[in-house]
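Asks: Before anything else, here's the structure in question.
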Amino acid sequence: MAPVTSLSDAVDQHLSSALTATLPETVGDVLLRRSDRADFQANGILALAKKEKRNPRELATDVVARVTTGELIQDIEVSGPGFLNITVTDAAIIRNLAERYADDTGRLGVPTAPHPGTTVIDYAQPNVAKEMHVGHLRSAVIGDAVVQLLEFTGETVVRRHHIGDWGTQFGMLIQYLDEHPHELDHGGTGDTGDAGEEAMSGLNRLYKAARGLFDADEEFKTRARRRVVDLQAGDEHTLAMWQKFVDESKIYFFSVFEKLDLEVRDPDIVGESGYNDMLAETCRLLEESGVAVRSEGALCVFFDDVKGPDGNPVPLIVQKSDGGYGYAATDLSAIRDRVFHLKADTLLYVVDARQSLHFRMVFDTARRAGWLNDDTTAHQLAFGTVLGKDGKPFKTREGETVRLVDLLDEAIERASAVVREKAQDLSEEEIAERGAQVGIGAVKYADLSTSASRDYKFDLDQMVSLHGDTSVYLQYAYARIRSILRRAGETRPAVAHPELALHEAERALGLHADGFGTTVAEAAGEYAPHKLAAYLYQLASLYTTFYDKCPVLKAETPEQVENRLFLCEVTARTLHRGMALLGIRTPERL
Ligand code: ARG
1 MAPVTSLSDA VDQHLSSALT ATLPETVGDV LLRRSDRADF QANGILALAK
51 KEKRNPRELA TDVVARVTTG ELIQDIEVSG PGFLNITVTD AAIIRNLAER
101 YADDTGRLGV PTAPHPGTTV IDYAQPNVAK EMHVGHLRSA VIGDAVVQLL
151 EFTGETVVRR HHIGDWGTQF GMLIQYLDEH PHELDHGGTG DTGDAGEEAM
201 SGLNRLYKAA RGLFDADEEF KTRARRRVVD LQAGDEHTLA MWQKFVDESK
251 IYFFSVFEKL DLEVRDPDIV GESGYNDMLA ETCRLLEESG VAVRSEGALC
301 VFFDDVKGPD GNPVPLIVQK SDGGYGYAAT DLSAIRDRVF HLKADTLLYV
351 VDARQSLHFR MVFDTARRAG WLNDDTTAHQ LAFGTVLGKD GKPFKTREGE
401 TVRLVDLLDE AIERASAVVR EKAQDLSEEE IAERGAQVGI GAVKYADLST
451 SASRDYKFDL DQMVSLHGDT SVYLQYAYAR IRSILRRAGE TRPAVAHPEL
501 ALHEAERALG LHADGFGTTV AEAAGEYAPH KLAAYLYQLA SLYTTFYDKC
551 PVLKAETPEQ VENRLFLCEV TARTLHRGMA LLGIRTPERL
């Protein structure tokens with residue numbers, strides 16, 4: 001079906017043509033925004049008048065004289081120094097929503113972007129043989145929302161989970177496992193959740209034991225170091241052992257991602273080791289082009305603006321003096337792969353802000369090498385730190401990093417208590433299922449509702465609160481609408497009635513619902529899921545006002561009942577779709 005033009009775009013087009021008629025040279029863009037005073041306010045006339053050396057109020061008045069009112073525009077007037085206040089007709093609101101409602105693809109008539117491209121997004125990248133912590137939560141949750149948003153706009157998205165699966169620490173682990181071959185064995189036939197926990201606790205045990213021996217026993221240390229060499233040389237037996245660690249860790253990762261209700265596909269997991277074959281060539285290319293130079297045996301890239309506290313330049317080390325490759329060489333090789341092989345025009349990295357300097361240097365190096373340019377660009381979507389209630393980086397009372405699984409379990413437990421308390425006709429099984437959807441939704445929403453770059457407090461009390469800007473509030477709003485629609489049943493259908501005069505609360509709700517596509521486009525374009533979260537919260541709030549002010553099933557006439565049910569349907573679909581883009585479930589009943 002043809003996409004639906006939003007009311008704001010339709011009004012903008014009207015104003016633009018009135019403007020072009022007034023000032024033929026100007027391609028009109030008058031900048032509309034929603035306003036408290038009127039449905040829309042155009043505030044672009046001021047700047048334009050200045051440019052054209054005209055009196056803004058006069059120019060505004062000329063434009064108004066050329067705008068035809070009727071079908072779409074109810075009223076347009078000049079206000080203040082030269083703003084235009086525009087009121088659209090009740091009929092236009094309902095007609096537009098009816099078109100959206102008729103879209104059976106679930107897109108609510110929202111068009112795709114005019115020129116979609118290919119984005120490779122690097123997110124959800126935990127490390128092999130290590131616990132996942134809250135930092136990994138952020139990358140996974142934000143990354144997933146960005147994937148959904150971009151795909152909704154028609155972008156081709158390639159997902160890359162750049163897991164930490166390579167490095168010298170594996171020498172120690174492999175050597176230990178070789179000497180204690182049954183350390184990773186477990187019965188593991190239980191359900192996925194348990195298998196994941198079991199896998200991780202096995203890895204933890206082995207890690208501690210290996211570490212202990214490595215620190216205490218010089219001979220073991222030597223054997224472990226020799227293992228690193230074997231691993232890098234591609235010794236078959238050593239690689240097979242390494243693969244065991246990777247596989248075991250994946251069992252654990254998948255169990256956490258499943259708990260998080262996040263889709264991670266195995267072929268998209270291309271960890272650091274996936275670029276091993278490219279490292280030597282990456283270095284050769286950088287050295288031959290002069291982008292990197294040898295310094296004290298290491299291959300380095302220098303930057304004018306990156307200096308240490310002593311004032312000396314701090315280079316990006318691409319190859320260490322002992323010949324080893326590190327994190328930077330891998331990331332530079334990944335860029336070559338993503339640009340030349342995956343044909344990306346945008347590379348996106350959802351990674352902690354504490355790695356920003358690394359990415360700045362890596363991207364700059366890639367640009368100097370010609371792998372990135374004005375058409376093929378890379379961005380770090382840098383996220384802030386998760387803080388505890390005390391405002392300090394989130395740690396256990398013993399000062400240890402908090403295990404992600406423990407947090408999620410606690411969130412689910414708290415949410416289940418909330419669901420149980422409110423539940424009227426839910427079975428135990430339903431309470432457990434909803435508890436998980438509400439708990440995980442709460443954690444995701446708390447993360448997504450603040451701008452990613454900011455730190456945020458992990459506060460479960462606030463997260464599962466029924467009041468305020470929480471996913472629970474949104475989920476309850478959705479469930480409440482669904483319950484009204486169920487009560488209406490088939491006897492009172494949802495039907496759009498553009499001929500009816502609307503209540504103020506209906507207008508506000510309808511206009512906001514119509515802006516869904518505009519918000520999604522903006523949120524996707526800026527990689528800013530928090531803008532969608534804010535939009536949805538506003539939608540739920542406007543619905544609450546509507547519900548207070550406008551009886552639905554007890555409205556005055558049958559037509560009004562149908563029209564209000566129709567508004568309920570449109571709101572529900574928008575909430576459902578929007579929450580899905582954030583990776584959050586909207587249960588039908590709560
Ligand atoms: N595994 C890394 C960590 O846990 C994040 C990887 C980020 N991605 C990248 N291409 N370097 O910190």
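FYI, the numbering for the sequence shown is 1 to 590, going by the working numbering. Glycine is no exception: its CB is placed at the ideal position from the N, C-alpha and C atoms.
Ignoring anything shorter than 4 residues, give me the alpha helix (DSSP H) runs that lie fully in the segment 510-540, in order along the chain.
Replies: DSSP runs (the alpha helix (DSSP H)) wholly in the segment 510-540: 516-525.
Asks: Who are I86's beta bridge partners in DSSP?
Replies: DSSP, once it has assigned bridges, lists F40 and I76 as partnering I86.
Asks: Please classify H467: is it buried, with 16 or more other beta-carbons within 10 angstroms of its beta-carbon, or exposed?
Replies: When all chains shown are included, H467 counts as exposed.
Asks: What are the boundary residues of the beta strand (DSSP E) that includes A378?
Replies: That run of the beta strand (DSSP E) goes T377 to F383.
Asks: Looking only at its chain, what residues have a beta carbon closer than 6 Å to the beta carbon of R100, apart from the 5 residues adjacent to it on each side?
Replies: The residues are V4, L108 and G109.
Asks: Restricting to runs no shorter than 4 residues, where is the alpha helix (DSSP H) found entirely within the segment 200-234?
Replies: With a minimum length of 4 residues, the continuous alpha helix (DSSP H) runs that stay inside the segment 200-234 are 218-233.
Asks: Using DSSP with H/G/I as helix, E/B as strand and the rest coil, what is R397?
Replies: Looking at R397 - three-state DSSP - the assignment turns out to be coil, as it is neither helix nor strand.
Asks: Using a Cβ-based criterion (distance less than 7 Å to any ligand heavy atom), does A452 qualify as near ligand 1?
Replies: Not under cutoff, so the answer is no.
Asks: What do you reckon, is the C-beta of A393 under 7 Å from a heavy atom of ligand 1?
Replies: Reading the sequence as shown, one finds Pro at residue 393 and not Ala. No, the beta carbon of P393 sits no closer than 7 Å to any heavy atom of ligand 1.
Asks: For N276, is the beta carbon positioned less than 7 Å from some heavy atom of ligand 1?
Replies: N276 Cβ: outside cutoff for every heavy atom of ligand 1.
Asks: Just reading off the beta strand (DSSP E) that C300 is part of, what are its end residues?
Replies: From DSSP, the beta strand (DSSP E) with C300 extends over A298 to V301.
Asks: Out of A505, P24 and Q424, which has the shortest C-alpha to C-alpha gap to A479?
Replies: Selected option, being the one with the closest Cα: Q424.
Asks: Taking buried to mean at least 16 other C-beta atoms within 10 Å of its own C-beta, is K51 buried or exposed?
Replies: By the 10 Å Cβ count, K51 comes out exposed.
Asks: Is the beta carbon of V30 less than 8 Å from the beta carbon of L19?
Replies: Yes, Cβ-Cβ distance for V30 and L19 is below 8 Å.
Asks: First and last residue of the alpha helix (DSSP H) that includes L48?
Replies: Unbroken alpha helix (DSSP H) run through L48: I45 to K51.
Asks: Where does P114 land, buried or exposed, given buried means 16+ other C-beta within 10 angstroms?
Replies: So P114 ends up on the exposed side.
Asks: Is the segment 323-343 touching the segment 369-383 in the sense that three or more CB pairs, one from each, lie closer than 8 Å?
Replies: Counting Cβ pairs under 8 Å, three or more are found: they touch.
Asks: So, are the CB atoms of G143 and I121 less than 8 Å apart?
Replies: In contact: G143 and I121 (Cβ atoms closer than 8 Å).
Asks: Looking only at its own chain, which residues have a Cβ that is under 6 Å from the Cβ of N127, when we skip the five neighbours before and after it?
Replies: So the qualifying residues of the chain are G164.
Asks: Out of A129, A329, R138 and P111, point me to the one whose CA is closest to Y123's CA.
Replies: Among A129, A329, R138 and P111, the Cα nearest to that of Y123 belongs to R138.
Asks: Any heavy atom of ligand 1 closer than 7 Å to the CB of I121?
Replies: Incorrect: I121 has no Cβ contact closer than 7 Å to ligand 1.
Asks: Relative to the alpha-carbon of L279, which residue among D310, S16 and L332 has its alpha-carbon at the smallest distance?
Replies: The shortest C-alpha separation from L279 is found at L332.
Asks: Whole angstroms are fine: how far does the CA of F516 sit from the CA of A2?
Replies: Roughly 16 Å separates the two Cα atoms.
Asks: Within the segment 289-349, note down every full alpha helix (DSSP H) run reaching 4 residues or more, in order along the chain.
Replies: For the segment 289-349, whole alpha helix (DSSP H) runs of length 4 or above, ordered along the chain, are 327-336.
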